[in-house]
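Numbering (UniProt numbering), first residue to last: 1 to 419.
1. Are residue 274 and residue 411 close, meaning C-beta to C-beta below 9 Å?
2. Start and end of the alpha helix (DSSP H) containing residue 414?
3. DSSP on residue 165, reduced to helix/strand/coil?
4. Just the C-alpha distance for residue 218 and residue 112, rounded to the nearest angstrom, thanks.
5. If we call anything under 9 Å between Cβ atoms a contact, is residue 127 one with residue 152?
6. Tell me whether the beta-carbon of residue 357 lies closer than 9 Å to the beta-carbon of residue 251.
7. To the nearest angstrom, how far is the alpha carbon of residue 256 from that of residue 215?
8. Would you tell me roughly how many angstroms separate the C-alpha atoms of residue 321 and residue 328, rounded to the nearest one?
9. Residue 130 and residue 157: beta carbons closer than 9 Å?
10. Can you tell me where the beta strand (DSSP E) with residue 14 in it begins and where it stops?
11. Evaluate contact between the stretch 390-408 and the stretch 288-307, counting only Cβ atoms and requiring at least three cross-stretch pairs below 8 Å.
12. Taking the alpha-carbon positions, what's the residue 366 to residue 161 distance?
13. What are the residues that DSSP puts in a beta bridge with residue 310?
14. If you drop the 5 nearest sequence neighbours on each side, which residues of the same chain put their C-beta closer than 7 Å to that of residue 355?
15. For residue 376, write down the residues that DSSP places opposite it in a beta bridge.
16. I'd like the ranges of any alpha helix (DSSP H) spanning at least 4 consecutive residues and lying wholly in the stretch 67-102.
17. Just grab the DSSP bridge partners of residue 129 for me.
18. With DSSP as the reference, please indicate the residues paired to residue 354 in a beta bridge.
19. Kindly confirm or deny that the stretch 5-17 and the stretch 46-54 touch, where touching means at least three C-beta pairs closer than 8 Å.
20. Measuring only the C-alpha atoms, how far is residue 240 from residue 376?
21. Does the beta-carbon of residue 191 have 16 or more other beta-carbons within 10 angstroms, so that it is buried, or is it exposed?
22. Rounded to the nearest angstrom, what separates residue 25 and residue 15 at their Cα positions?
23. My assumption, with CB atoms under 8 Å, is that residue 27 sits in contact with residue 37. Please give the rounded CB distance.
24. Considering only the alpha carbon of each residue, which of 395, 293, 228, 386 lies closest to residue 371?
25. Please report the distance separating the alpha-carbon of residue 279 from that of residue 31.
26. Starting from residue 333, trace the alpha helix (DSSP H) both ways and give me its first and last residue.
27. Quick check: the stretch 135-154 against the stretch 165-178, are at least 3 beta-carbon pairs closer than 8 Å?
28. Hey, would you say residue 224 sits closer than 9 Å to residue 82, going by beta carbons?
29. Got a sec? Which residues, its chain only, sit under 8 Å from residue 100 by beta carbon, not counting five neighbours each side?
30. Strictly by DSSP, which residues pair up with residue 48?
31. Thinking residue 73 and residue 1 are a contact (beta carbons under 8 Å), I'd like their distance in whole angstroms, please.
32. Please check the pair residue 35 and residue 5, which I expect to be a contact at CB under 8 Å, by giving their CB distance rounded to whole angstroms.
33. Looking only at its chain, what residues have a beta carbon closer than 7 Å to the beta carbon of residue 291, apart from the 5 residues adjacent to it on each side?
34. Go ahead and label residue 220 buried or exposed: buried means 16 or more other beta carbons lie within 10 angstroms of its beta carbon, across all protein chains shown.
35. If you reduce the DSSP assignment to three classes, tell me which class residue 217 lands in.
36. To the nearest angstrom, how far is it from the Cα of residue 378 to the Cα of residue 143?
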């Protein structure tokens with residue numbers, strides 16, 4: 001084991017695992033901290049937690065437990081992965097978890113690098129942009145759990161962490177790896193614990209990754225993983241090869257969409273034009289004990305078409321407000337999650353082997369319901385979204401964060417099947 005990754009949500013874990021594989025590291029993703037040691041051939045292990053929006057104390061406890069397991073597995077460097085939109089509140093959880101991991105490693109310095117230019121996430125003068133808009137002016141300002149009303153990463157980090165943040169600007173990064181390392185050293189000498197790094201393009205990520213080679217802990221989104229992986233692959237004379245066992249095979253397939261993001265709404269709308277689709281009734285999820293059986297029967301009846309049937313709870317912002325006003329935001333969200341959990345389990349019993357899932361929370365409950373303990377990481381369908389196969393079952397999944405992928409994502413995913 002070379003690299004140990006602690007991811008704060010499920011699709012985020014799959015996101016970074018895909019980048020590691022694409023850059024030459026044999027990677028396994030685990031769902032939570034295992035009870036026992038892992039007997040598998042891998043260069044990197046990614047542990048997915050559900051620590052993005054849980055209470056701070058729980059996020060810290062779970063993250064430290066994951067770190068200790070990765071240390072016991074022999075990992076030499078550690079990566080705290082959070083969302084490329086820095087999803088957090090005034091109290092955390094990014095800052096407190098970063099502080100706890102640094103303390104556990106007896107380290108005092110790390111980087112803050114949420115950037116993912118390929119998906120429009122860039123940092124300039126310490127401010128995070130989403131497709132050219134300041135984070136605080138993007139759709140993230142209306143996030144129901146972690147509304148992001150400030151785009152400045154140094155202010156955000158200083159508000160929720162114990163230490164002080166500093167900036168390595170893009171002019172320094174343009175000068176190359178040595179200049180970035182020198183900037184890190186200067187910030188350390190000034191008592192800075194967190195170096196926010198400007199990132200405007202993929203080359204910046206490569207340079208930053210090279211500069212992080214000797215850091216025990218790095219933190220960021222999935223983009224920085226490419227640069228970090230290249231350090232290890234180079235160190236092994238390029239011998240690392242990504243696992244090929246993550247490639248999906250043809251079989252009964254279903255699309256499940258619980259995300260209400262802007263892109264998922266577009267993906268659902270486009271897929272409705274070509275495939276059988278079923279829109280969930282939230283009231284029925286809450287009140288009809290037979291509703292899941294009825295939907296399961298509908299899916300089974302539509303499994304033999306050109307494209308997989310889709311069951312979706314995806315709604316536009318106006319419709320979502322109406323649903324939440326009528327049934328309550330928490331109650332309706334929990335009902336939909338429980339429904340997808342039950343549906344996935346029943347469809348597996350009906351022989352479905354491929355699950356394409358949109359939404360971080362939905363992906364988490366579906367995977368848990370299917371009893372999947374870990375994955376082999378396969379080819380990327382879109383940046384940050386690979387196909388994965390279960391390490392202990394005949395089962396493949398495509399687990400998509402809400403805004404990832406283009407409008408044809410659901411059909412593109414099915415183009416990877418091998419007979």
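Just so it is clear, CB atoms sit at the ideal spot from N, CA and C, and this is done for glycine as well. Since we're looking at a predicted model, the values are computed, not measured.
Short version:
1. Yes, these two residues count as a Cβ contact at 9 Å.
2. 409-414
3. strand
4. 8 Å
5. yes
6. no
7. 39 Å
8. 9 Å
9. Contact: no.
10. That residue, residue 14, is in no beta strand (DSSP E); its alpha helix (DSSP H) goes 10-22.
11. no
12. Their Cα atoms are separated by approximately 33 Å.
13. DSSP links residue 310 through a beta bridge to 255, 277.
14. Excluding five sequence positions before and after residue 355, the CB atoms of its chain that fall closer than 7 Å to its own CB belong to 254, 256, 344, 366, 397, given in chain order.
15. 28, 389
16. Taken in chain order, no unbroken stretch of alpha helix (DSSP H) lies wholly in the stretch 67-102 with a span of 4 residues or more.
17. Answer is 122, 134, bridged to residue 129.
18. 253, 396
19. yes
20. With a pLDDT of 38 at residue 240, under the threshold of 50, the predicted position of this residue should be treated as unreliable, and no value is reported.
21. Around the beta-carbon of residue 191, fewer than 16 other beta-carbon atoms lie within 10 Å, marking it exposed.
22. 14 Å
23. Not quite, the Cβ-Cβ distance comes to about 17 Å (not below 8 Å), so this is no contact.
24. 395
25. 29 Å
26. Unbroken alpha helix (DSSP H) run through residue 333: 329-349.
27. Remark: three or more beta-carbon pairs, one from each stretch, lie closer than 8 Å, so the stretch 165-178 and the stretch 135-154 are flagged as touching.
28. Cβ atoms of residue 224 and residue 82: not closer than 9 Å.
29. 60, 63, 64
30. 7, 31
31. 5 Å
32. At roughly 19 Å, the Cβ-Cβ gap does not stay under 8 Å, so residue 35 and residue 5 are not in contact.
33. 284, 285
34. buried
35. Strand.
36. 31 Å
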